[in-house]
Ligand code: FAD
């Protein structure tokens, strides 16, 4: 479906503001709707940029809540967290204060694709997040359900587009602002499903957002439907861990934040995870009871890479599926069975779980959970919700249809806390820049995983919950978790103003120390045989007669900055004093030769990205460029901002790109 083109007459404006009303109510620069992972990052980013910000959310006590798995990071997701941190976002710092088991995934591969991950103490994360949010300068946090948006007449320079200027709460009160960010997660027309039962809810225990969903549809936004689910929780003391595979945390723990050298807890005090597998009996229970499970039968798409156990059994029958048993917190007696999300009726959930090794006597439990009708649930559930086709937003996350209205998080079709946080920080920065009439802050595909995430969403759209992976990224060797600060912190400080002075100074020092270190390593040269004498553990080939640089010696697996500095104390000793600097020099050396070639490719992409398409070009009617009707419709819907982005839209042919390129050159 392609969105109907916007004209003012096509819909009744939800609310039109008048000056007298505006003067009676509080006025903010930015309003953020929703206190989930996108909303908290958006609100604090806007406030850090100097905007008077209001965070409106259903309940303050659910700020920082993890709706599902008690873990952050992972492959690709850990990169996003590092980038959020580089822009001074919250989630990485809070994870360093709240984890119970830190482990880097993909360690056997190169550091470019390491996946920083941690099991998190739910209670602690929430507490630490709320403390941070409630003490952020310029940020007001208020409980309330937003029912509607207030819109005003188009600004003269953008004829045809109306502008958001505030929100209407469920009690009818209004709050005005210069821009609004929507981060409502799974709440737009959310429906919870257990077995054959369905009832409206945004998340277990929370009301859905119906009014807001209707407003967005009336405005002409194209809406889709997705689903996700969560597993039941198991009482820790009912599990027989002694027969299961134990996974211990890393020692030492690698922090998520560039600002931390260590995490809050020692490795020896962290909690283990355990691995078990499903049995053929699990398949049997799923297959026999499909008629009692409406969520599974729905054609609505769920997360491909985090599917329910029912979907796994249907797609891959007769296999033993992994189930990770993960702690929910330091003093929690609950275990989260990762890999077992399901929507079977309650009694069958228990029956299925006890067919799994180690869980033969498992008790399913989720104490104190009540939905908004006061009903309590001890089992897991599925949720179906509206999302907005993300091709309706720009790379700054502002909507094409309504000026100063931004969308971030699961509302854009993504899944995951990290994907939500990454969009949140970008929306917060841009909502603030927009108010101050400054150019948008856009991260390109060549600069970060955040850029890839947003570019994929805005050019390709998504028909299933989108999650980040390293395989989505072309320039993986450059966009590493270790160098996110060099890529983004300096830009965040100078162009957005979202980065603290302390972080800026640290990133600046690190960048110049790395540059200096690399040039020193390049300047030290000895023959292979001399190196072999100096560092016997390095298997340096003696066949080469040419001098070998210290940077090349550092590439050997057995060599690190400590062994190099022992061999050549002056001038290398000083680069071993900071552990992070020494490790980053080793990584830079490892990738030096491949990065040279990648840099050329990056430059080519950047050339295309620099070719801006006219903002208000009407692709449906423009005569001076030859395009097929199909291509016109695609460009009209996605409104790419650059030739590079247009070339990534499926169905936009190379011939169309050449014609667009000619057109751009003649109009510039
Ligand atoms: P949320 O974290 O959902 O926050 C939305 C916020 O908006 C809430 O605070 C809500 O109160 C508020 N809100 C909504 N409407 C209004 C309104 N009208 N007025 C005021 N406030 C409003 N991700 C994974 O990576 N792995 C998983 O296994 C996984 N399983 C999931 C299972 C379930 C059941 C759910 C619900 C989500 C799951 N997710 C999973 C997804 C992950 O939780 C989300 O992607 C992420 O939390 C989205 O963050 P968000 O900020 O966009 O939305």
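Residue numbers (full-length UniProt numbering): 10 to 677.
Yeah, the Cβ is synthetic: ideal placement off N, Cα and C, and Gly gets one too.
- If only complete runs of 3 or more residues are kept, the region 43-70 shows the beta strand (DSSP E) at 62-66, in order along the chain.
- 491 is the residue among 491, 70, 449, 534 whose C-alpha sits nearest the C-alpha of residue 268.
- Linking residue 58 to residue 438 through their CA atoms gives a straight-line distance of about 7 Å.
- Contact annotation, residue 368 with residue 252: C-beta distance approximately 10 Å; criterion of less than 8 Å not satisfied.
- When Cβ pairs closer than 8 Å are counted between the two stretches, the region 456-468 is seen not to touch the region 505-524, the count staying below three.
- Residue 321 is positioned such that its CB atom lies no closer than 7 Å to that of residue 283.
- Assignment of residue 340 by DSSP, reduced to helix, strand and coil, places it in the coil class.
- Going by C-alpha positions, residue 155 is about 15 Å away from residue 45.
- Distances between the C-beta of residue 193 and the heavy atoms of the ligand FAD include at least one below 6 Å.
- Under the 8 Å Cβ criterion, the region 315-335 does not count as touching the region 178-186, having fewer than three qualifying pairs.
- A residue is called buried once 16 or more other Cβ atoms fall within 10 Å of its Cβ, and residue 192 is buried on that count.
- When secondary structure is reduced to three states using DSSP, residue 482 falls in the coil class, being assigned neither helix nor strand.
- A heavy atom of the ligand FAD is found nearer than 6 Å to the CB of residue 42.
- Distances from the CB of residue 426 to the heavy atoms of the ligand FAD include at least one below 6 Å.
- A direct Cα-Cα distance of roughly 27 Å separates residue 610 from residue 643.
- Short of 6 Å from the beta carbon of residue 187, and not among the five residues preceding or following it, lie these beta carbons of its own chain, in chain order: 38, 444.
- DSSP assignment within the region 438-513 yields the following whole alpha helix (DSSP H) runs of 4 residues or more, N-terminal first: 458-464, 493-500.
- Excluding five sequence positions before and after residue 576, the CB atoms of its chain that fall closer than 6 Å to its own CB belong to 543, 544, given in chain order.
- In the three-state scheme derived from DSSP, where H, G and I count as helix and E and B as strand, residue 80 is classed as strand.
- Unbroken beta strand (DSSP E) runs of no fewer than 3 residues, entirely contained in the region 628-652, are not found.
- Residue state for residue 185 is assigned as strand, using DSSP reduced to three classes.
- By the Cβ test, the region 400-413 is not in contact with the region 138-157, since fewer than three Cβ pairs between them sit closer than 8 Å.
- Remark: the shortest separation between the CB of residue 419 and any heavy atom of the ligand FAD falls under 6 Å.
- Of the residues assessed, residue 263 falls on the buried side of the cut-off, its CB having 16 or more other CB atoms within 10 angstroms.
- Residue nearest to residue 361 within the set 287, 317, 429, 417 is 287 (criterion: CA-CA distance).
- According to the DSSP assignment, residue 368 belongs to no beta strand (DSSP E), since it is labelled neither H nor E.
- In this chain, the beta strand (DSSP E) harbouring residue 152 covers 148-152.
- For residue 239, the secondary structure class from DSSP, reduced to helix, strand or coil, is coil.
- Residue 129 carries a strand assignment under DSSP once its states are collapsed to helix, strand and coil.
- In this structure, residue 414 lies near residue 173, with their beta-carbon atoms less than 7 Å apart.
- Contact annotation: residue 52 and residue 66 have beta-carbon atoms that are not nearer than 7 Å.
- With contacts defined as CB atoms closer than 7 Å, residue 93 and residue 100 qualify as a contacting pair.
- About 5 Å separates the CB atoms of residue 137 and residue 107; that is less than 8 Å, so the two are in contact.
- A direct Cα-to-Cα measurement between residue 122 and residue 600 gives close to 12 Å.
- A direct Cα-Cα distance of roughly 11 Å separates residue 434 from residue 427.
- If you keep only unbroken beta strand (DSSP E) runs of at least 3 residues inside the region 214-265, you get 232-238, 254-256.
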